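In our numbering, the protein residues as written are 75 to 469. Where a beta carbon is used, it is the ideal one built from N, C-alpha and C, also for glycine. Being a predicted model, the structure only gives us computed values, none of them experimental.
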């Protein structure tokens with residue numbers, strides 16, 4: 075008796091409907107496994123998109139070397155321009171090296187407004203080091219530093235807070251007990267992955283040093299020619315500065331270290347969750363194998379009768395594999411739809427970045443089908459090789 079694919083599908087459907095509880099329990103096992111696998115892949119995808127978004131919001135890859143700390147005298151030994159020039163002659167692989175003086179959190183006054191901001195005293199090299207774009211006006215020049223001009227550059231966020239979208243160039247603000255003119259607006263970017271930006275104001279380093287009557291600054295920033303070598307250049311810079319500042323502790327960090335650390339944590343969590351999901355999927359596969367074995371035993375007379383009237387071994391094998399595949403697909407599809415729904419709700423509530431991709435559903439569904447076929451293959455093969463006469467006698 076020849077059986078085409080439509081006949082096999084019809085028999086498969088009838089067989090599954092004849093025992094709905096068994097079919098449901100088998101699908102439930104697959105559902106749990108695929109739910110775990112698909113959920114893990116979704117978490118991994120969202121995490122990677124989040125890290126990519128954070129990198130785009132951050133300044134360009136750079137190294138920050140803090141002021142040396144003398145543990146003997148408990149004093150911080152700040153840098154001078156001579157130290158920076160010396161480092162430039164000894165260090166290799168750098169693109170930009172510039173001094174920075176952190177001002178911390180300060181307040182800006184504009185009329186009756188008072189706004190807390192982050193402040194820094196910098197040189198013209200700050201712009202290429204940070205990777206920020208100049209939005210309007212101009213950035214500091216060598217003349218600004220030499221003439222100790224009372225000018226500032228602010229970022230877009232601070233400009234919006236102060237002037238509500240109106241033109242801010244040439245306006246005067248009051249900062250650190252001194253009046254300044256705004257001569258430029260730069261792009262807003264985060265210096266690290268934590269915290270929210272509150273606005274940034276920059277003044278020429280020479281202005282800060284003049285106000286403090288001090289030639290010192292507290293940080294050196296370095297942009298490597300090749301970002302891949304950032305860790306190597308960081309270690310080299312520390313080693314060089316320790317020769318100039320013996321018996322002190324020098325701390326340095328790069329703004330990509332946090333992202334790399336988060337990426338390592340995300341990869342570790344993803345691997346653990348995938349292992350758990352794989353175990354759950356394996357358990358679901360064992361359930362399908364047990365159900366298939368029980369079905370073969372229960373339907374042995376039916377198999378014998380079908381073989382006696384002309385069904386081939388291939389027909390029997392394909393029917394049992396189709397049953398397992400249908401159970402796996404049903405559990406897998408329901409799990410994928412459930413995970414997708416939970417993902418959309420979660421990213422909407424938490425305002426997380428997310429972009430639907432077909433890779434995760436395809437991988438999840440494929441794994442479910444593969445597990446279903448593999449786990450049912452041996453019982454199905456055993457059923458296809460039953461002797462028709464012996465199978466009929468078993469009734």
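Tell whether a beta-carbon distance below 9 Å holds between residue i and residue j.
| i | j | result |
| --- | --- | --- |
| residue 235 | residue 273 | yes |
| residue 279 | residue 161 | no |
| residue 173 | residue 291 | yes |
| residue 216 | residue 256 | no |
| residue 297 | residue 170 | yes |
| residue 222 | residue 287 | no |
| residue 359 | residue 101 | no |
| residue 342 | residue 462 | no |
| residue 449 | residue 391 | no |
| residue 454 | residue 366 | yes |
| residue 131 | residue 340 | no |
| residue 452 | residue 374 | no |
| residue 261 | residue 206 | yes |
| residue 281 | residue 335 | no |
| residue 159 | residue 175 | no |
Residue range of the alpha helix (DSSP H) that residue i falls in?
| i | result |
| --- | --- |
| residue 356 | 331–372 |
| residue 37 | Any answer about residue 37 is impossible in this case: the structure gives the chain only from 75 up to 469. |
| residue 157 | 155–164 |
| residue 450 | 433–458 |
| residue 473 | Any question about residue 473 goes unanswered here, given that the chain covers just 75 to 469. |
| residue 237 | 230–237 |
| residue 400 | 387–424 |
| residue 309 | 304–318 |
| residue 203 | 200–204 |
Once you ignore the five residues that flank residue i on each side, which residues in its own chain have a CB closer than 7 Å to its CB?
| i | result |
| --- | --- |
| residue 76 | Any reading at residue 76 needs caution, since the residue's pLDDT is 48, under 50, leaving its predicted position unreliable; the model's value is listed next. Counting only Cβ-Cβ distances below 7 Å, and skipping sequence neighbours, we find nothing. |
| residue 303 | 167 |
| residue 434 | 112, 115, 116 and 119 |
| residue 109 | 409, 412 and 413 |
| residue 152 | 141, 290, 291 and 292 |
| residue 327 | 138 |
| residue 145 | 323 |
| residue 129 | 333 |
| residue 337 | 125 |
| residue 421 | 120 and 428 |
Kindly indicate the opening and closing residues of the beta strand (DSSP E) around residue i.
| i | result |
| --- | --- |
| residue 215 | From DSSP, residue 215 is part of no beta strand (DSSP E); its letter is neither H nor E. |
| residue 190 | 187–196 |
| residue 275 | 274–278 |
| residue 298 | 293–298 |
At the level of alpha carbons, what is the spacing between residue i and residue j?
| i | j | result |
| --- | --- | --- |
| residue 276 | residue 409 | 52 Å |
| residue 424 | residue 120 | 12 Å |
| residue 191 | residue 125 | 25 Å |
| residue 154 | residue 294 | 10 Å |
| residue 456 | residue 353 | 26 Å |
| residue 201 | residue 213 | 8 Å |
| residue 445 | residue 402 | 8 Å |
| residue 311 | residue 106 | 52 Å |
CB-CB under 8 Å to residue i, same chain, minus the five flanking residues each way: which ones, in chain order?
| i | result |
| --- | --- |
| residue 325 | 139, 140 and 143 |
| residue 259 | 208, 209, 210, 211, 227, 228, 229, 230, 233, 242 and 243 |
Once you ignore the five residues that flank residue i on each side, which residues in its own chain have a CB closer than 6 Å to its CB?
| i | result |
| --- | --- |
| residue 183 | 248 |
| residue 203 | 136, 170, 172, 295 and 297 |
| residue 193 | 177, 180 and 275 |
Name the DSSP beta bridge partners of residue i, please?
| i | result |
| --- | --- |
| residue 255 | 225 and 246 |
| residue 181 | 190 |
| residue 427 | DSSP output for residue 427 lists no bridge partner at all. |
| residue 326 | 139 |
| residue 170 | 297 |
| residue 219 | For residue 219, which the question treats as bridged, DSSP gives no partner whatsoever. |
| residue 241 | In DSSP, residue 241 forms no bridge with anything. |
Within 8 Å: the Cβ of residue i and any heavy atom of the ligand SAH?
| i | result |
| --- | --- |
| residue 169 | Because no ligand of any kind appears in the structure shown, any question about the ligand SAH cannot be addressed here. |
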